[in-house]
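Notes to accompany the following structure.
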Amino acid sequence: MAAHRQARPWLGETVTAQEERVPEYQPDCYLCPRNARSNGSANPDYHGVYVFDNDHPCVGPAAPTEPEQPLPPYMAQRANGIARVICYGPRHDLTVARMALENIAAVVETWRRETRDLGARSEVKQVLIFENKGEVVGVSNPHPHGQLYATNFTWKTFDTELEAQRRYMLETKRALFGDIIAAEQRDGRRILYADDHAIAFVPYFARYAYEVYVAPTRRVSHVSDLSDDQCESLAKAIKDVTVRYDNLWRQPFPYVMPLHQAPTDGGDYRDFHFFIGFLPPLRRPGTIKYLAGPEIGGGNFLSDTSPEEKAAELRAQLTVHYRDSDPR
Ligand SMILES: [Zn+2]
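For the sequence shown, the positions run 377 to 704 when our numbering is used.
Next comes the structure, spelled out in C-alpha cells:
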C-alpha cells in the first residue's frame, strides 16, 4: 500500500470516458439481433441471453494436434477448447448496471448452465468465464457481452488460489475464503452489499483502487453449484456493485470481471470457494493504473490507494443508476 502517492503529479496519458449516448440498436454491430456476423451468418431475433461460438476463437477445435516439440527445457502441448460469446440481451446500450434484476439473473443462470454442460465434457478441464468492459480494457463494441473459454488446460490464477486454499485448510483446518468473508464482516468498512446468500466487498488486499469481490457466503466450487437463492442474491450483488461504479464518476465504469471457479477435470475441489472479481483499471477519472516496474518487473502489486477509502467512496453512492434517476 502506498496511498500517499495517489495525488502525485500526473503528466501522462489520460483516457476520455466512453461515449455516453449509445443507441439501443446499432445496424453494424455483430452482436445485435438479426445483424450479420463476420462468418457470414446472421444472429437470430433473440430476446433474452444469446450464446454463440466465437467466430474468432483464441482457443478452438482447430489447434494443431501434435505441436512441434521444442528443444529442452522447453515443452509444448496442445491447447484447445471451445470459445463462446454470451450476449447479455438484445439491447445494444443496456449494460449490466442498467439491466433489470431478472435479466442479470438470466445471465447468472446462463453461466450456471454453460459451466454444467461444458464442464461435463471429458476434454474440458476448466470453464473460464469473464467480461471485459470498456475501451480502456480493449473492448471496442459496447454491446453488453461476456466470453467463455472451456479449455483442455487450467488457468494459473485459479491454480494459485486453489493451492492457497488447500494449504490454509491443511495448516488451520479452516476454509480460507470463509475466514476472509468473516474478517470482512467483522471489520465491516469495506462491505458494499450483503444479504443472506451473497456479499460484495473491497478486499483488504485489493490491488486495483476499486477492486471488488462478489461471492456466495456459503461455499460452492463452481457457479453451476449455486442454488436458486444464491443465484438471485448474486444477481442483486452484481447489480449493486455495477450501479455504484457508474454512479461514482457518473460515467460508464470499465472493468475486467472474471468468474473464479475450480477446474472441471473430476478432481477434489471442496476447498475452492467460487467468487466473481471486478478489476477496474482506472484509479481516478480518466487515469489508468499502469502496471510497471513493481508489478511487471518485481511481481508485487503496488496499490496507490487505501481500500477503506475507496470502499467508503463506493458505499456513499446511491444504488439507483444516475441515468435511471435523472429526468431525460
Ligand atoms: Zn449491438
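Using N, Cα and C, we set each Cβ at its ideal position, and we do this for glycine too.
All values derive from a computational prediction rather than experimental measurement.
Item, Value
"When you compare each of Val435, Gly436 and Gln453 to Pro443 by their alpha carbons, which one comes out closest?", "Gln453"
"Any idea what DSSP makes of Asp563, helix, strand or coil?", "helix"
"Looking only at its chain, what residues have a beta carbon closer than 7 Å to the beta carbon of Val617, apart from the 5 residues adjacent to it on each side?", "Leu568, Tyr569, Ala576, Val588, Val590 and Phe654"
"Quick check on Phe650: does DSSP put it in helix, strand or coil?", "coil"
"Just list the alpha helix (DSSP H) runs in the stretch 474 to 507, keeping only unbroken ones of 4 residues or longer that don't cross its boundaries, in chain order.", "477 to 495"
"On the three-state DSSP scale, how would you describe Leu552?", "helix"
"How is Gly673 classed by DSSP in three states: helix, strand or coil?", "helix"
"Out of Gly388, Leu694 and Arg381, which has the shortest C-alpha to C-alpha gap to Trp625?", "Leu694"
"With DSSP as the reference, identify every bridge partner of Val590, one or two as the case may be.", "Ala576 and Ile652"
"So which of Ser498, Ser701, Asp572 and Tyr584 has the shortest CA-CA distance to Val619?", "Ser701"
"For Ala496, which residues of its own chain have a beta-carbon under 8 Å away from its beta-carbon, when the five flanking residues on both sides are left out?", "Thr640"
"Sorted by chain position, which residues of the same chain lie with C-beta nearer than 8 Å to Cys434's C-beta, five sequence neighbours on each side aside?", "Ala459 and Tyr525"
"Is the CB-CB distance between Leu635 and Ile505 below 8 Å?", "yes"
"Is it the case that the Cβ atoms of Arg594 and Ala551 are separated by a distance below 8 Å?", "no"
"Within the present structure, is the beta-carbon of His573 separated from the nearest heavy atom of ligand 1 by less than 7 Å?", "no"
"Going by DSSP in three states, Cys607 sits in which element: helix, strand or coil?", "helix"
"Beta carbon of Lys501, beta carbon of Thr527: below 8 Å?", "yes"
"For the stretch 466 to 473 against the stretch 484 to 499, do three or more pairs of beta-carbon atoms, one drawn from each stretch, fall closer than 8 Å, so that the two count as touching?", "no"
"Our contact map puts Ala379 next to Glu685 with C-beta atoms below 8 Å; I'd like the distance itself, whole angstroms only.", "7 Å"
"Within this structure, are the beta carbons of Ala574 and Leu610 separated by less than 8 Å?", "yes"
"Under 8 Å, do Tyr580 and Pro683 count as touching if we go by C-beta distance?", "yes"
"Quick check on the contact list: which residues have their beta carbon closer than 5 Å to a heavy atom of ligand 1?", "Gln402, Cys405, Leu407, Cys408, His468 and His519"
"Quick check on the burial criterion: 16 or more other C-beta atoms within 10 angstroms. Buried or exposed for Asp647?", "buried"
"How far does the beta strand (DSSP E) with Asp700 in it reach, from first residue to last?", "Here Asp700 belongs to no beta strand (DSSP E); instead the alpha helix (DSSP H) covers Tyr698 to Ser701."
"If you check the beta carbons only, do Val391 and Val578 fall under 8 Å apart?", "no"
"Measuring CA to CA, which of Asp680, Glu478, Glu537 and Leu387 is closest to Arg583?", "Asp680"
"DSSP puts Met633 in a beta bridge; with which residues?", "Glu507"
"Here's a check: name, in chain order, each residue in its chain whose Cβ is nearer than 8 Å to the Cβ of Tyr698, leaving out the five neighbours to either side.", "Asp622, Asn623 and Arg626"
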